[in-house]
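Worksheet: the structure to be examined is printed underneath.
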Ligand code: ARG
């Protein structure tokens, strides 16, 4: 017999479920079993769920109105104790559910022992956790809305600011900075949609499923569902206590949103370096180096970029816990909370950091524009002109343009700086009207197709997005 178990023998059995046990759990057993350090974050949801349950029990005449009132009052006291830091969380009481109930019994005595009628910790934890994840969806959605607001403000200010658009991180065609930011407004809009969809689907109350099979007490699950803001009770008691796909949906929405944030973070990292010099992060969003005095490091952006990995990890982690678990509840599922809380915290911090960085971002318009002109980014405009004005097949126009680009390259200038004669040497039908489409300003202004980068389009898109999202 190990040392720890002989020590454990001296203590009493668990007061909440120890009836059939002679001795207390081994100290290591308690340690591996306890979740209070993590699930104490569910205290508000646990108390709300218990209050709704107590009121329902009274309404169904399973409890006296007097007992229910004492329970509700006592639970409010427990809540105040927790919120004012006067509550002692006990590992031997395992989790938040038993910590709250046990303290309630100390405060109000006998009626507290009637609270657990017609329910189990299995439906209790499913309810608490759902309420918490539902709140996390709402918080994420709200934060993403604020992020969209920051993007929209910047996009409006820079609807006409020209920058190179990239494919393969090579200069492709000129776009406007406002247009680029609006791409992230769209991503954030879909991210919000994912949280809203997940919330809608998870908004059913598992409370009253009891351990797994339902209960013989005449409980009213519709009452508790309504009291807790759920749309309806869940339909199947087995599913109610074993489902965690609501958390998986939250985590996948979080992972996708964080992946989007990581892409913008990466762009900020690239753009703020002296080689690009497109943007400057404010002092408030930069850090210095302890050895190199000239440095301004984009640490926050780098961390947002990296944090996305943690969120994807949380998703995969919970998938791995749930995969292959037989119905219904298994203690494995206690592992759902730590990673969901961690992902939610990381997501909120990432969104807030990106919102702050975007709000404070200074743009070097001259630098962006100069870079947009480099690399023959208006070659497509020339090819399109040959098609439109000369009736040339696009493949042939592509070839002709390639030869003109090669000539400009030989002379070390942009195609808009070529003499007409140089172009006519390649294609004699080209005339001076061609200069109207060359140059980055002409190029972006001409991209007026729906969803295109023309400044006029971007201004309209900003107005439409404000209406739709804010
Ligand atoms: N702390 C547990 C959890 O988070 C609560 C449910 C425990 N239920 C049980 N039958 N042991 O999953």
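Residue numbers (my numbering): 37 to 506. Even for Gly, the Cβ is constructed at its ideal location relative to N, Cα and C. Computed from a predicted model, the values in this text were never measured in an experiment.
According to the Cβ coordinates, are residue i and residue j closer than 8 Å?
i, j, result
"residue 505", "residue 225", "yes"
"residue 200", "residue 408", "yes"
"residue 301", "residue 390", "yes"
"residue 480", "residue 192", "no"
"residue 147", "residue 106", "yes"
"residue 294", "residue 264", "no"
"residue 92", "residue 352", "no"
"residue 374", "residue 286", "no"
"residue 501", "residue 221", "yes"
"residue 131", "residue 72", "yes"
"residue 8", "residue 454", "As displayed, the chain neither begins before 37 nor continues past 506, which places residue 8 out of reach and without an answer."
"residue 228", "residue 181", "yes"
"residue 384", "residue 175", "yes"
"residue 110", "residue 64", "no"
So what's residue i in DSSP terms, helix, strand or just coil?
i, result
"residue 182", "helix"
"residue 37", "Because the pLDDT of residue 37 is 41, which lies under 50, any placement of that residue in the model is unreliable, and the number read from its coordinates should be weighed accordingly. Three-state DSSP puts residue 37 in coil, outside helix and strand."
"residue 442", "helix"
"residue 72", "helix"
"residue 210", "strand"
"residue 135", "helix"
"residue 239", "coil"
"residue 268", "strand"
"residue 199", "strand"
"residue 249", "coil"
"residue 64", "helix"
"residue 483", "coil"
"residue 494", "helix"
"residue 399", "strand"
"residue 436", "helix"
"residue 299", "helix"
"residue 163", "helix"
"residue 305", "helix"
By alpha-carbon positions, which one of the options ends up nearest to residue i?
i, options, result
"residue 341", "404, 104, 259 and 291", "291"
"residue 323", "310, 338, 312 and 313", "338"
"residue 247", "275, 99, 185 and 109", "275"
"residue 234", "273, 284, 260 and 205", "284"
"residue 315", "254, 403, 418 and 296", "403"
"residue 170", "486, 461, 380 and 470", "380"
"residue 282", "415, 426 and 238", "238"
"residue 395", "361, 257, 441 and 188", "188"
"residue 438", "448, 186, 118 and 418", "418"
"residue 350", "243, 392, 371 and 306", "371"
"residue 134", "59, 70 and 459", "70"
"residue 593", "182, 486, 477 and 73", "Lying before the first or after the last residue shown, residue 593 is absent from the chain, which here runs from 37 to 506."
"residue 57", "49, 64 and 63", "49"
"residue 122", "136, 378 and 470", "136"
"residue 415", "433, 405 and 399", "433"
"residue 471", "482, 406 and 452", "452"
Below 6 Å CB to CB, which residues in the same chain sit around residue i once its five sequence neighbours on both sides are set aside?
i, result
"residue 494", "195, 212, 214 and 215"
"residue 53", "none"
"residue 430", "423"
"residue 218", "191 and 497"
"residue 319", "none"
Within a Cβ cutoff of 7 Å, which residues of the same chain sit near residue i, ignoring the five residues on either side of it in sequence?
i, result
"residue 388", "179"
"residue 426", "465"
"residue 159", "242, 243, 244, 245, 246, 276 and 277"
"residue 223", "296"
**Asked** Which ranges would you report for the alpha helix (DSSP H) in the segment 441 to 480 if only whole runs of at least 4 residues count?
**Response** 456 to 462
**Request:** List in chain order: all unbroken alpha helix (DSSP H) runs of 4+ residues lying wholly within the segment 330 to 370.
**Result:** 335 to 358
**4 or more residues per run - each alpha helix (DSSP H) lying fully within the segment 89 to 159** = 101 to 119 and 132 to 144
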